[in-house]
Amino acid sequence: MDMARIDALPGGGCGRLALTDGDREARDLFASWCREAGCTVTIDRLGNMFAQRPGRDNALTPIGIGSHLDTQPHGGKFDGVYGVLAGLEIVRTLNDHRIETDAPIDVVNWTNEEGARFAPAMLCSGVYAGLFDLDFALSRTDADGMQFAKELERIGYAGDMPCGSHKLGAFLEAHIEQGPVLERHAQVIGVVTGGQGQRWYDVTVSGRDAHSGSTPMAGRRDALVAASRLVLAVQDIALEFAPDSVGTVGEMHVTPNSRNTVPGEVQFTVDFRNPDDAVLSRMDEALRDAVARETAASVNLQMIWHNPPVRFAPACVEAIQAATTAYGYPRRQMVSGAGHDACQIARKVPTAMVFVPCKDGLSHNEAESAEQSHLEAGCNVLLGAALHLSSAVGHPENQTHDIIPA
Ligand code: GLV
Ligand code: MN
Ligand code: MN
Numbered sequence: 138m139d140m141a142r143i144d145a146l147p148g149g150g151c152g153r154l155a156l157t158d159g160d161r162e163a164r165d166l167f168a169s170w171c172r173e174a175g176c177t178v179t180i181d182r183l184g185n186m187f188a189q190r191p192g193r194d195n196a197l198t199p200i201g202i203g204s205h206l207d208t209q210p211h212g213g214k215f216d217g218v219y220g221v222l223a224g225l226e227i228v229r230t231l232n233d234h235r236i237e238t239d240a241p242i243d244v245v246n247w248t249n250e251e252g253a254r255f256a257p258a259m260l261c262s263g264v265y266a267g268l269f270d271l272d273f274a275l276s277r278t279d280a281d282g283m284q285f286a287k288e289l290e291r292i293g294y295a296g297d298m299p300c301g302s303h304k305l306g307a308f309l310e311a312h313i314e315q316g317p318v319l320e321r322h323a324q325v326i327g328v329v330t331g332g333q334g335q336r337w338y339d340v341t342v343s344g345r346d347a348h349s350g351s352t353p354m355a356g357r358r359d360a361l362v363a364a365s366r367l368v369l370a371v372q373d374i375a376l377e378f379a380p381d382s383v384g385t386v387g388e389m390h391v392t393p394n395s396r397n398t399v400p401g402e403v404q405f406t407v408d409f410r411n412p413d414d415a416v417l418s419r420m421d422e423a424l425r426d427a428v429a430r431e432t433a434a435s436v437n438l439q440m441i442w443h444n445p446p447v448r449f450a451p452a453c454v455e456a457i458q459a460a461t462t463a464y465g466y467p468r469r470q471m472v473s474g475a476g477h478d479a480c481q482i483a484r485k486v487p488t489a490m491v492f493v494p495c496k497d498g499l500s501h502n503e504a505e506s507a508e509q510s511h512l513e514a515g516c517n518v519l520l521g522a523a524l525h526l527s528s529a530v531g532h533p534e535n536q537t538h539d540i541i542p543a
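Note that the sequence shown ends on residue 543 in this note's numbering; no numbers are left out.
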């Protein structure tokens, strides 16, 4: 709730876009809490933050626990923040109980997870995992032409450490589910086995500006009418590849955006998702067919991001499953519908995730909410899994910690 005061919105949510003054304030607050808890904070070239609680053997690679502090423009209090602060809560709990882990524990804040300001999403966990180049990330620009590198420098979070050089032995992320499944089934924990694939597109529709009063309907080259047909095509494609496909047009810019001019240009985005990359390829073909059918305007379609589905490491999923069983929480295994930093990190480091229910399955919405007992359950499971992994990563034969109830 303290973190949610930063860039709070009137409807109860947060609008804390990456690399804004609010992001700096959130980072400063997070770092101060981590230092109070005895952690050392290091920052890489992309502003990814690692708050390390030392282990018994600091030569062992740390266990990372974290998520992101940036939000959507109309975001909630929990998406991302919960996962970062769950890591901090684990550090505080270990401190309170004077428990030493074998490997160090790193609480991680990944930069620009949302991709709302700088596309694509999960940009800096993506560089960490080797999926994007450093320069690709640094050169991203926002809708006003502001550059990622300059904004990172401006808020004082461009560190010296090369991105990806800070090794993690395993990575765990707790998150609200952002969908209705756990709530609907009265389950407390989602044991996440992987994430679905995503394809993001930028579309530019070019028609011709014309006078709205004196230009007959026949022969207009109205870019917004053409774009509207494509928006409906996105919807139809997602429905055609039911039940697992989703398709969204979330962003649109109309030019010149004047009441009495036929729009000459429209730019919009497309977000397609499905757990199966082969299905995403067929959705891609269907979108290209819809573009080819458009005759009133010319359409430029660019796929700017192809993020294949990912499976989490069985050993990490099992650690989460075992901790959930030990606590006796009702649970189900599930594939994540949302993208997460964990989905990128999993391509480099053994990774898994814990989901907890959120009210009405709502997220990317100011009304996002979660019950305290569920958030606590997620932390307990994360703690159990982290304790197991902090021993298992270095010493698989020596799992000495046992504070999970039998
Ligand atoms: C991030 O929130 C995403 O799933 O796009
Ligand atoms: Mn998130
Ligand atoms: Mn999000």
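The C-beta atom is built at its ideal place from N, Cα and C for all residues, glycine as well.
Original post:
Are E310 and G203 closer than 8 Å when you measure CB to CB?
Top reply: Within the sequence shown, numbered from 1, the residue matching residue 310 stands at position 173. Within the sequence shown, numbered from 1, the residue matching residue 203 stands at position 66. Yes, the Cβ-Cβ distance between E310 and G203 is below 8 Å.
Original post:
For the 8 Å Cβ check, are there 3 or more pairs between the segment 325-335 and the segment 406-413?
Top reply: yes
Original post:
Is it the case that the Cβ atoms of T179 and F187 are separated by a distance below 8 Å?
Top reply: For the purposes of this step, residue 179 is identified with residue 42 of the sequence shown, where counting begins at 1. For the purposes of this step, residue 187 is identified with residue 50 of the sequence shown, where counting begins at 1. It is a contact, given that the beta carbons lie within the stated cut-off.
Original post:
Quick one: what's got a C-beta closer than 6 Å to T341's C-beta in the same chain, skipping five residues either side?
Top reply: Within the sequence shown, numbered from 1, the residue matching residue 341 stands at position 204. Q404, N437.
Subject >> CA-to-CA distance, A375 to V386, given in whole angstroms >> reply: Taking the first residue of the sequence shown as position 1, residue 386 is located at position 249. Taking the first residue of the sequence shown as position 1, residue 375 is located at position 238. Roughly 11 Å between the two C-alpha positions.
Subject >> Enclosing beta strand (DSSP E) for G263 [first to last residue] >> reply: Looking up residue 263 in the sequence shown gives position 126. That residue, G263, is in no beta strand (DSSP E); its alpha helix (DSSP H) goes 260-265.
Original post:
Which residues have a Cβ closer than 5 Å to any heavy atom of ligand 2, listed in chain order?
Top reply: D216, G217
Subject >> Inside the segment 414-464 only - alpha helix (DSSP H) runs reaching at least 4 residues >> reply: 414-430, 451-464
Subject >> Contact set, ligand 1 heavy atom to C-beta under 6 Å >> reply: E251, A258, A475, G476
Subject >> Where S343 sits in the DSSP three-state scheme >> reply: In the sequence shown, the residue the question calls residue 343 occupies position 206. If DSSP states are grouped into helix, strand and coil, S343 belongs with the strands.
Original post:
Can we count I501 as close to ligand 3, meaning its CB is less than 7 Å from some heavy atom?
Top reply: Mapped onto the sequence shown, residue 501 falls at position 364. Before going further, note that residue 501 is His rather than Ile in the sequence given. True, at least one ligand heavy atom lies under 7 Å from that Cβ.
Subject >> Contact set for L519: own chain, Cβ-Cβ below 7 Å, skip 5 residues either direction >> reply: Within the sequence shown, numbered from 1, the residue matching residue 519 stands at position 382. Correct list, in chain order: I202, A223, I227, L309, A311, V491.
Original post:
Counting along the chain, where does the alpha helix (DSSP H) carrying N411 start and finish?
Top reply: Taking the first residue of the sequence shown as position 1, residue 411 is located at position 274. Where N411 is concerned, there is no enclosing alpha helix (DSSP H), although the beta strand (DSSP E) it sits in stretches over 402-411.
Original post:
Near G252, which residues of its chain fall below 6 Å by C-beta distance, leaving aside the five closest residues on each side in sequence?
Top reply: Taking the sequence shown and counting its residues from 1, one reaches residue 252 at position 115. Excluding residues within five positions, the ones whose Cβ falls inside 6 Å are A258.
Original post:
Three-state secondary structure (DSSP) at S506?
Top reply: For the purposes of this step, residue 506 is taken as the residue at position 369 of the sequence shown. Looking at S506 - three-state DSSP - the assignment turns out to be coil, as it is neither helix nor strand.
**OP:** On a CA-only basis, which of Y294, V486, D421 is nearest F378? Give me that one, please.
**Re:** Looking up residue 378 in the sequence shown gives position 241. Out of Y294, V486, D421, D421 has the C-alpha closest to the C-alpha of F378.
Original post:
Where D160 and R142 are concerned, what is the direct C-alpha to C-alpha distance, given to the nearest angstrom?
Top reply: Within the sequence shown, the letter at position 23 stands for residue 160. Within the sequence shown, the letter at position 5 stands for residue 142. Roughly 12 Å between the two C-alpha positions.
Original post:
Based on Cα-Cα distance, which residue from A514, A286, L225, D281 lies nearest to T248?
Top reply: Position 111 of the sequence shown, counting from 1, holds the residue named residue 248. For the residues A514, A286, L225, D281, the minimum Cα distance to T248 belongs to A286.
Original post:
Going by other Cβ atoms of all chains shown within 10 Å of its Cβ, with 16 needed for buried, is L397 buried or exposed?
Top reply: Along the sequence shown, read from residue 1 onward, the residue named residue 397 stands at position 260. One detail in the question is off: residue 397 reads as Asn in this sequence, not Leu. The residue is exposed, with fewer than 16 neighbouring Cβ atoms inside 10 Å.
**OP:** Since I believe L206 is in contact with A163 (beta carbons under 8 Å), could you give me their beta-carbon distance rounded to a whole number of angstroms?
**Re:** Counting from 1 along the sequence shown, the entry for residue 163 is found at position 26. Counting from 1 along the sequence shown, the entry for residue 206 is found at position 69. Right, the Cβ-Cβ distance comes to about 5 Å (below 8 Å), so this counts as a contact.
Subject >> Beta-carbon proximity of T238 to S527, cut-off 8 Å >> reply: If you number the sequence shown from 1, residue 238 lands on position 101. If you number the sequence shown from 1, residue 527 lands on position 390. Going by C-beta atoms, T238 is nearer than 8 Å to S527.
Subject >> Per-residue burial, R448 [other beta carbons within 10 Å of its own, 16 or more giving buried] >> reply: Taking the first residue of the sequence shown as position 1, residue 448 is located at position 311. Burial call: exposed.
Original post:
Cβ of A459 within 8 Å of Cβ of H511?
Top reply: Translated into positions along the sequence shown, residue 459 becomes position 322. Translated into positions along the sequence shown, residue 511 becomes position 374. Not closer than 8 Å, so no.
Subject >> Identity of the residue in D243, E320, F215 nearest A504 by Cα >> reply: Along the sequence shown, read from residue 1 onward, the residue named residue 504 stands at position 367. Nearest C-alpha to A504: F215.
Original post:
Does DSSP put I180 in a helix, in a strand, or in coil?
Top reply: If you number the sequence shown from 1, residue 180 lands on position 43. I180 falls in the strand class under three-state DSSP.
Subject >> Contacting residues, own chain, Cβ-Cβ under 8 Å from P533 (five flanking each side not counted) >> reply: The count along the sequence shown starts at 1 and reaches residue 533 at position 396. Low local confidence applies: a pLDDT of 39 at P533 is under 50, so the model's placement there is unreliable, with the coordinate-based value given in what follows. Contacts found: none.
**OP:** Give a yes or no on whether the C-beta atoms belonging to S500 and S435 are separated by under 8 Å.
**Re:** Walking along the sequence shown from the start, residue 500 turns up at place 363. Walking along the sequence shown from the start, residue 435 turns up at place 298. No. Outside cutoff.
Original post:
Can you name the start and end residues of the alpha helix (DSSP H) that N246 belongs to?
Top reply: Numbered from 1 along the sequence shown, position 109 holds the residue referred to as residue 246. From DSSP, N246 is part of no alpha helix (DSSP H) but of the beta strand (DSSP E) over 242-246.
**OP:** Keeping to the same chain, check which residues put their C-beta closer than 6 Å to that of C176; ignore five residues upstream and five downstream.
**Re:** Within the sequence shown, numbered from 1, the residue matching residue 176 stands at position 39. Excluding positions up to five away in sequence, the list reads A188, Q189, R190.
**OP:** In the DSSP assignment, find the beta strand (DSSP E) that holds F492 and state where it starts and stops.
**Re:** Translated into positions along the sequence shown, residue 492 becomes position 355. Unbroken beta strand (DSSP E) run through F492: 488-493.
Original post:
Distance, Cα to Cα, R366 vs C453?
Top reply: As a first step, residue 366 is located in the sequence shown; it is residue number 229 there, counting from the start. As a first step, residue 453 is located in the sequence shown; it is residue number 316 there, counting from the start. Going from the Cα of R366 to the Cα of C453 covers about 45 Å.
Original post:
When DSSP builds the beta bridges, which residues end up paired with M354?
Top reply: Locating residue 354 in the sequence shown gives position 217, where the first residue counts as 1. Bridge partners of M354: none, in fact.
Original post:
Using a Cβ-Cβ cut-off of 7 Å (strictly less than) and excluding sequence neighbours within five positions of L268, which residues of its own chain qualify?
Top reply: On the sequence shown, position 131 is the one that residue 268 refers to. Result list for L268: Q481, R484, in chain order.
**OP:** Report the residue from A429, L369, D194 whose alpha carbon sits nearest the alpha carbon of P241.
**Re:** As a working note, residue 241 is residue 104 in the sequence shown. When each option's Cα is compared against that of P241, the closest is D194.
**OP:** Tell me whether the beta-carbon of A274 lies closer than 8 Å to the beta-carbon of L183.
**Re:** The residue you call residue 274 lines up with position 137 of the sequence shown. The residue you call residue 183 lines up with position 46 of the sequence shown. Their beta carbons are under 8 Å apart, which means A274 touches L183 by this criterion.
**OP:** Check whether the Cβ of Q335 sits closer than 7 Å to any heavy atom of ligand 3, and report yes or no.
**Re:** Here residue 335 refers to the residue found at position 198 of the sequence shown. No.
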